[in-house]
Each structure stands twice: as structure tokens, then as C-alpha cells.
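A.B. asks: Heads up, the sequence shown is in the numbering used here, so the first residue is 8 and it goes up one at a time.
Even for Gly, the Cβ is constructed at its ideal location relative to N, Cα and C.
The model shown is predicted, which means the values in this text are computed figures rather than measured ones.
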Amino acid sequence: MFLSSAASMALSLGCSVLFYGAHHDDWAGNAYPDCSKEFVDAMNRAIVEGTGGELCVEAPFVMWSKADIVKKGLELNVPYELTWSCYEGGEMPCGVCGTCIDRIRAFELNGVTDPLMK
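(1) Using the C-alpha atoms, what's the distance from Gly102 back to Phe83?
(2) With H, G and I counted as helix, E and B as strand and the rest as coil, what does DSSP make of Leu81?
(3) Go ahead and pull the three-state DSSP assignment for Asp95.
(4) Just reading off the beta strand (DSSP E) that Leu89 is part of, what are its end residues?
(5) Near Pro40, which residues of its chain fall below 8 Å by C-beta distance, leaving aside the five closest residues on each side in sequence?
(6) Sort out for me which residues DSSP pairs Phe68 with in a bridge.
(7) DSSP on Leu20, reduced to helix/strand/coil?
(8) Just verifying my parser: in three-state terms, what is the DSSP assignment at Cys63?
(9) Give me the residue from Glu56, Ala38, Glu61 and Met50 with the minimum Cα distance to Leu20.
(10) Would you decide whether Asp121 is buried or exposed? Buried here means 16 or more other CB atoms lie within 10 Å of its CB.
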């Protein structure tokens with residue numbers, strides 16, 4: 008649903024490519040089927056067909072682990088303190104939902120602490 012809405016918005020803004028930040032599930036198994044390469048490929052086919060080829064979907068990290076993404080971001084000096092993964096609302100991430108656990112672990116695997124968990 009979210010990707011379809013994003014595609015509609017991207018098309019209305021005149022975009023030709025919609026970048027989707029899906030990544031490979033490491034610890035959650037297949038808890039997020041909309042992050043699989045198969046899903047991205049199927050959605051891309053539908054969006055390309057539905058827009059007459061005006062818009063396509065690219066998911067450059069779909070085969071990357073969250074730890075790989077964190078590593079690349081650290082190399083690029085990404086301001087991770089400005090990013091958010093938690094499914095809960097609030098001032099700070101909950102630290103216990105699946106995405107928080109995955110994020111914390113990804114930073115740990117890179118030898119650093121998630122800046123939102125300090």
C-alpha cells in the first residue's frame with residue numbers, strides 16, 4: 008500500500024524513478040515480505056505497466072543487510088541521529104520493537120552504538 012501511494016505521489020511530481028529503501032531481513036526472517044526482491048520486482052512491473060513506462064521502482068539495498076547499510080552510511084558520514092526506524096511514536100525509539108532490535112544489532116555489528124540509543 009505504501010509503495011503504491013509513494014508511486015502515485017512520485018508520478019504527480021514528475022519523477023521517473025522511485026527509490027525504495029527496502030533491505031534484506033537479517034534477524035526477522037521473512038517478517039517483512041514487502042522487503043523481498045520478488046516483491047520489489049513485482050511492484051516495479053506493475054508500476055511500469057500502470058504508468059505507461061513513466062515511472063519505475065529501484066531498491067538499491069534490497070539484497071543488503073541492515074549492517075551493510077549502516078556500514079556504508081558510516082563511511083559516508085550519514086547523520087544517523089536524524090534517522091528513524093522505530094514503529095512506535097514518541098520522542099525516542101522504543102528499543103524493543105523488531106525494527107529497533109534490528110537497527111541496534113546493525114550498529115553493534117559495526118562496532119558502534121546507535122546514536123539514538125545513547
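C.D. replies: Quick answer:
(1) Residue 83 is actually Leu in this sequence, not Phe. For Leu83 and Gly102, the distance between alpha carbons rounds to 25 Å.
(2) helix
(3) A small correction: the amino acid at residue 95 is Glu; Asp does not occupy that position in the sequence shown. Of the three classes helix, strand and coil, the one that applies to Glu95 here is coil, per DSSP.
(4) Per DSSP, Leu89 belongs to no beta strand (DSSP E) and is neither H nor E.
(5) Phe46
(6) Its beta-bridge partners do not exist; DSSP assigns none.
(7) coil
(8) strand
(9) Glu61
(10) buried
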